[in-house]
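Have a look at the structure below, then the notes.
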Amino acid sequence: MPKQIKLNPLSIYIHIPFCVSKCAYCDFISHRVGDFEINGGVEAYFNSLKTEISLYSGLLEKSKVRSIYIGGGTPSSVDGKFIHNLIMQLKSLANFSDEIEITLEVNPGTLTEEKLNHYIASGINRISMGLQTTNDQLLHKIGRIHSTNDFMTSYEAIKRAGIENLSLDLMFGLPGQTIKDIENAIHLVGILKPKHVSAYSLKIEEGTPLSESYQKGSITLPDEQLERDMYHLLINGLAEKGIMQYELSNFSSASFESKHNLVYWENEAYLGLGVSAHSKLNNERFSNTSRIYDYSKLLSEGKLPIVEKEFIDTSEDLFESIMLGLRLNKGVSINKLNQKYNIDFNVKYANALENLLKQGLVILTEDILKLTIKGMDLSNQVFLQFMED
Ligand code: SF4
C-alpha cells in the first residue's frame, strides 16, 4: 500500500484590486475597474497572478488547501472567466480538501448569470456580499454604488444559482445612522436568513473623501455611546434571529463560521497572493507590493513581489495567539497555549489577569480565558495588557 504523505493545511487569500468605483471611506488597495479594462490591464493583472501562483507550485504541491478567500476590491467587478481560471490553476497544482471552503466577495450590481455560472463551475461555495445598511440615503452618502433593491436582486440571483452559504456585511457608526437603521438591517437579516453576517464599525481613514468631510465638519458621526449601543443591538438582535456572535465582528448560524477567517484568529498559516496581499508561513510574515505596476514588473522578471518580510519570534507569536484568540467568543485555551509555547500562562500573566479580572474585562475558567461584553468594547485595552506584561 502506498504510504500516506501528511500534507500541511494551507489557506489562501487572493486580492483582486478592482472596484466599479471608490467608496468614500475606503482605503483598501483598489482601482476603478473601467480604467484598467480599456487597455487590457485587468487581463494583465490576472496573468501576473498566474505567474505568482506558479512560483509557489512547490509549496502548493505539498499542501492541503482548506480554504480560499478571493477578496478585494470587488472580485465580481471582473469577467468571471478570470476567477474561474485562477481556481482551476490552483486546483491543478494543490490538493484541495474535500471540505474546502472557497469564498468570493461580491458587491450588488456587479453580478450576471454568466459570472455566477463561472463561479459555480469553479467550485466557489460561499459568497460574501456587502449590504452595509438598508438606508439608501446612507448608502449614497458613503459612496456605495448600490441600493437595497440592488442587493436583494443579487441576493436572490445567488440563491437561485444554488449557493446557500451566504454572508452579508453590515456597517454601524455611519454618519447620521440611527438605532432604527440598525433595527431595519436586523429585520432584513431575519427575512433573508443568511448563514453568516459580518458587522464593522466605520473607521475614518486618513486621506479618504469621508475623512475630508469629517474634518470640514460637513458630516457628524454617532457619539461613542450610540456607536456601542448599535454594536450591542446587533449582537442581541442577530442572536434573536439565530445568528450568534462567534468573533468580535462576526456572527453565524450553527456550523457556518468562516473557515478561512478562523485560520487568522487561530494564528495559523496562510498564503496571500496578489497586490498588497499578506502571508504568514513558517514563522515569517511577508507582504507583497501594493503597486500594481511593481507587482507585474517583478513577476515578469520571475521574482516574487514581496517587499517586506519579518521573522516572528516566539514571544510575538504568543502575543498574537492571545490577541487573535481572544477575539473569538469561545476564548483561548490556556492548556493549548501552555503546551504550544512551553509556558505557565497563569504565572507568566499573573498581573495582567489580576487587573483584567478586577476590571471585569475577562472571564477565566480552568482552561478558558475569554472577553466579557465590557471586554469586547475595550478589547484593545485588554490586548495591550498581554503585550506589556
Ligand atoms: S467596494 Fe469595498 S473595496 Fe471597493 S471601494 Fe468600496 S469599500 Fe473599497
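Here the sequence shown stands for residues 1 to 389, where the numbers follow full-length UniProt numbering.
Even for Gly, the Cβ is constructed at its ideal location relative to N, Cα and C.
Residue range of the beta strand (DSSP E) that includes residue i
i: E247; result: 244-247
i: S211; result: Unbroken run through S211 is the alpha helix (DSSP H), 209-216; no beta strand (DSSP E).
i: F286; result: 284-288
i: V106; result: 95-106
i: N135; result: First-last for N135: undefined, no H or E at that position.
i: S76; result: Premise fails: S76 is in no beta strand (DSSP E) and is neither H nor E.
i: S252; result: 250-252
First through last residue of the alpha helix (DSSP H) which encompasses residue i
i: P9; result: Here P9 belongs to no alpha helix (DSSP H); instead the beta strand (DSSP E) covers 8-16.
i: Y45; result: 41-55
i: N236; result: 224-240
i: S300; result: 292-300
Cβ pair residue i, residue j closer than 7 Å
i: Y270; j: S11; result: yes
i: I292; j: V275; result: yes
i: L170; j: A185; result: yes
i: H321; j: N267; result: The sequence shown places Ser at residue 321, not His. Going by C-beta atoms, S321 is nearer than 7 Å to N267.
i: F256; j: K330; result: no
i: F386; j: F319; result: yes
i: N197; j: I142; result: Reading off the sequence, residue 197 comes out as Val, not Asn. Not in contact: V197 and I142 (Cβ atoms no closer than 7 Å).
i: R126; j: N165; result: yes
i: G109; j: I83; result: no
i: A173; j: S201; result: Residue identity differs from the one stated: residue 173 is Gly in this sequence, not Ala. The answer is yes: Cβ separation under 7 Å.
i: L188; j: T134; result: yes
i: P17; j: G71; result: no
i: L111; j: S48; result: no
i: L248; j: M376; result: yes
i: E310; j: R285; result: yes
i: L371; j: L326; result: yes
i: W265; j: L328; result: yes
i: I312; j: N342; result: no
i: K64; j: S97; result: yes
i: I334; j: D367; result: yes
For residue i, the three-state DSSP class (helix, strand or coil)
i: K64; result: strand
i: M1; result: In this prediction, M1 has a pLDDT of 44, which is less than 50 and means its spatial position is unreliable; what the coordinates show is noted afterwards. In the structure shown, M1 sits in coil (DSSP, three-state: anything other than H, G, I, E or B).
i: G274; result: coil
i: G71; result: strand
i: A199; result: strand
i: V20; result: coil
i: H31; result: strand
i: S258; result: coil
i: G130; result: strand
i: I219; result: coil
i: L90; result: helix
i: D389; result: Confidence is the limiting factor: at D389 the pLDDT is only 49, short of 50, which leaves the residue's position unreliable, though a coordinate-based value still follows. In the structure shown, D389 sits in coil (DSSP, three-state: anything other than H, G, I, E or B).
i: L116; result: helix
i: K303; result: coil
i: L139; result: helix
Residue i Cβ short of 6 Å to ligand 2 heavy atom set
i: S30; result: Within the structure as shown, ligand 2 is missing, the only ligands being ligand 1.
*Output the residue ranges of the beta strand (DSSP E) runs that lie fully inside the region 308-387 and measure 3 residues or longer, sorted by chain position.*
Within the region 308-387, the runs of beta strand (DSSP E) that reach at least 3 residues and sit entirely inside it are, in chain order, 362-364, 368-371.
_Three Cβ pairs or more, each shorter than 8 Å: is that satisfied between the region 86-104 and the region 116-123?_
Segment contact: the region 86-104 against the region 116-123, three or more CB-CB distances shorter than 8 Å; contact assigned.
*asked:* For the structure I just gave you, are there three or more beta carbon pairs, one from the region 198-215 and one from the region 14-33, closer than 8 Å?
replied: Touching, yes, given that three or more Cβ pairs across the two stretches are closer than 8 Å.
*Does the region 33-42 come close enough to the region 85-98 that 3 or more CB-CB pairs lie under 8 Å?*
No: the two stretches stay apart, fewer than three of their Cβ pairs being nearer than 8 Å.
*Identify every run of the alpha helix (DSSP H) within the region 143-191, keeping only runs that are complete inside it and at least 4 residues long; order them along the chain.*
Complete alpha helix (DSSP H) runs here, min 4: 148-160.
*Is the number of C-beta pairs between the region 276-286 and the region 361-370 that are closer than 8 Å three or more?*
The region 276-286 and the region 361-370 do not touch, with fewer than 3 CB-CB distances between them shorter than 8 Å.
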